[in-house]
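**Q** First residue of the sequence shown? That's 538 in our numbering, and the numbers climb one at a time after it. For every residue, glycine included, the Cβ atom is placed at its ideal position computed from N, Cα and C.
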Amino acid sequence: MMLSNASIDLDVYREHVKTLASDEFEGRGPLSKGEEKTVDYLVTQYKKLGLKPAFGDSYTQAVPLAKITPMNISSLKIGGLDFSAGSEFTARTQRIVNDYSLANSDVVFVGYGINAPEYNWNDYAGLDVKGKTVVMLVNDPGFASKDPELFQGNAMTYYGRWTYKYEEAARQGAEAVFIIHETMPAGYGWGVVENSNSNTKFSLVDDNNNASQVGVMGWLHLNAARQLFEKVGMDYGELKDKASKPGFMPIALNTKASLGFTNTIERAESQNVAGILEGTDKPEEWVMLHAHWDHLGKVEKNGQTTIYNGAVDNASGVAGVLTLADALSKRDEGFARTLMFSAFTAEETGLLGADYFANNPPVPTSNMVAFLNIDGMNVNDGVDYILQYGEGYLSIEDDLATAAALQGRNVKMDPRPQNGLFFRSDHFALAKQGVPSILFMSLGDTDPSFIAKRYHKVDDDYLPSWTLGGVQQDLSLISSMLNYYAQGDVWPYWKRDSDFKDKRTQAMEAKEAKSFAPNFR
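See the structure below:
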């Protein structure tokens, strides 16, 4: 690997961020005027740079979404208590229904809500939760115990993610799920939960209108959870301690839960956007650079309009992709492999655009060399390290260390492994399909107040005071890695045994059995 000599134009970068994070783009909410402006802007930039369409003759990939807005949410009646929507709980559904009612549903505490055979752990053992409401803890037992032999110790596994917990509860037949929020194991405060779950959300839609999903995807404020357990004669702290140890058995709370709300549903197509710099020798092999374009959009509440501009999250990442596309497309000799520059929709509501792309790829996943994802750049001064998310998963980690060393920097492991950031951005949708993927994120790392004061809040705005020293060095590092993958025969690989590694092995074996020749136009 060689140090990149790509010319990073910070004026170009700054202009992209200012534009994408401006009020004119209305917070870049999917299925909004803000999406139209964003997609038009991206396509215009790709054309200007001479990139070819990534999806046949189109720069866009239609992603069928339902835009679901919960309305008229009743109080949550549980354990003889009434909890208020927003301040004490959140509830939404991805089922495509106009009215939803949870009526006198039996409530069960299921610990962490995890069924993980490889860890000899099953919180649902011997339990029938069909039609019931399950209450569970956030994160996984390793975080609570700090035992490195339990799951992965302090580092969150996918079993700790809220997405997994809803998925597993649905597989078990539960009707409603309430995850108890705690700031440390969740990785964010209640304000993030409320903002992200009380307003419009988006969902992919299956052939059965998502009927197989849980009826309620809910969160419960910690204070409300303590009140609930006290009301039914139990101690939250004691139950949490028991749930974090092997052999935990689910506990019926001997109470009922009731809740009702209506949904405003709009079905429409959102857009993934991607352009390619076609390879000279191996155009069928793709190296991908990505950042999600969406944010939380704008919210009308009490006669006031609030715009969540998402400057760091993730106008900063999209600007990075466009700036590198600008720099690399000017290279005279080109690249052996194809470079894809992309921006997907609906990351903030569960990696939906990435998930759709990963399951409907423009080339087989076995032709995807690597997927590099930027989600929140260091817009402040440069630092002498690069952050790494996830450990021992991929050979890409070794390449990251090499690229950092070329800059005189070192690799710093994720300081908050308990937050499971490796599982929380678009690259993970590709990783689930076996594609070697890496996350570049500096969200709040050089600004300790960012998570508390600006992350997913109205104050995540562009600031002229940004020095962009971190952007300069990180884009140069990413450029080195892109050059390395796009010029040679390197195929990053999975190290640790996992479902991801198995997926990759299956895809590569199928590729060997049947060659594929993509149609480039």
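Round the Cβ separation of G668 and E704 to the nearest angstrom and send it over; I've been treating them as touching at under 8 Å.
**A** 18 Å between Cβ atoms; not a contact.
**Q** Report all residues from its chain with a CB closer than 6 Å to the CB of H964; omit the five preceding and five following residues, and keep chain order.
**A** Excluding positions up to five away in sequence, the list reads F908, N910, S974 and L976.
**Q** Identify the residues that DSSP records as bridge partners of H827: which are they?
**A** Note: H827 sits in a beta bridge opposite S879 and N910.
**Q** Could you pull out every residue in the same chain whose Cβ sits closer than 7 Å to the Cβ of I545, ignoring the five residues on either side in sequence?
**A** Cβ within range, chain order: T860, A864, Q1009, L1012 and S1013.
**Q** So, with DSSP's three-state summary, where would you put Q970?
**A** Of the three classes helix, strand and coil, the one that applies to Q970 here is coil, per DSSP.
**Q** From Y992 to H832, what does the alpha carbon distance come to, in whole angstroms?
**A** So the alpha carbons of these two residues sit roughly 11 Å apart.
**Q** So does the stretch 822-842 actually touch the stretch 850-859, counting three or more Cβ pairs closer than 8 Å?
**A** The answer is yes - the stretch 850-859 touches the stretch 822-842, with three or more Cβ pairs under 8 Å.
**Q** Given that a residue counts as buried once 16 or more other Cβ atoms are within 10 Å of its Cβ, and exposed if not, what is A966?
**A** With 16 or more other Cβ atoms within 10 Å, it is buried.
**Q** Using three-state DSSP, classify N809 as helix, strand or coil.
**A** N809 falls in the strand class under three-state DSSP.
**Q** Can you tell me whether M538 is helix, strand or coil according to DSSP?
**A** Looking at M538 - three-state DSSP - the assignment turns out to be coil, as it is neither helix nor strand.
**Q** So, with DSSP's three-state summary, where would you put E885?
**A** DSSP places E885 in coil when its eight states are reduced to three.
**Q** Can you give, in chain order, each stretch of the alpha helix (DSSP H) that sits fully within the stretch 692-755 and has at least 4 residues?
**A** Taking only runs of at least 4 residues, the alpha helix (DSSP H) segments lying wholly in the stretch 692-755 are 699-709, 720-723 and 727-734.
**Q** For I1015, which of helix, strand or coil comes out of DSSP?
**A** Three-state result, I1015: helix.
**Q** Could you name each continuous beta strand (DSSP E) segment of 3 residues or more that falls completely within the stretch 630-675, going from the start of the chain to the end?
**A** Fully enclosed beta strand (DSSP E) runs of 3 or longer: 636-646 and 670-674.
**Q** Would you mind working out which of R1041, Q970 and G957 sits nearest F688, comparing C-alpha positions?
**A** Cα-wise, what sits closest to F688 is G957.
**Q** Please list, in chain order, all residues of the same chain as N659 whose beta carbon is under 7 Å from its beta carbon, the five residues on each side excluded.
**A** Closer than 7 Å at the Cβ level, and outside the excluded window around N659, lie N652.
**Q** I need the straight-line Cα distance from N542 to L876, nearest angstrom please.
**A** Answer to the nearest angstrom: the Cα atoms are 17 Å apart.
**Q** Roughly how many angstroms lie between the CA atoms of R698 and S733, to the nearest whole one?
**A** Computed Cα separation, rounded: 15 Å.
**Q** Unbroken beta strand (DSSP E) runs of length 3 or more, entirely within the stretch 765-820: which are they?
**A** Complete beta strand (DSSP E) runs here, min 3: 788-814.
**Q** When you compare only the Cα positions, how much space is there between T581 and V972?
**A** Approximately 29 Å between the Cα atoms of the pair.
**Q** Helix, strand or coil for L687, going by three-state DSSP, please let me know.
**A** Residue state, collapsed to three classes: coil.
**Q** Residues in its own chain within less than 7 Å of G690 by CB, not counting five upstream and five downstream?
**A** Only G679, K683 and D684 meet the Cβ criterion.
**Q** When burial is assigned at 16 or more other CB atoms within 10 Å of the CB, is A748 buried or exposed?
**A** Classification of A748: exposed, given that the 10 Å Cβ count is below 16.
**Q** For V730 and W830, I'd like the C-alpha separation in whole angstroms.
**A** If I take the Cα positions, the gap works out to 21 Å.
**Q** So, does the CB of V675 fall closer than 8 Å to a CB anywhere in chain C?
**A** Of the chains in the structure shown, none is chain C; there is only one protein chain.
**Q** For R953, which option in A805, R946 and L980 has the closest C-alpha, if you only look at C-alpha atoms?
**A** Selected option, being the one with the closest Cα: L980.
**Q** Let me check understanding here. Comparing Cα to Cα, which of V769, M693, V549 and S559 lies closest to F646?
**A** The shortest Cα separation from F646 among V769, M693, V549 and S559 belongs to V769.
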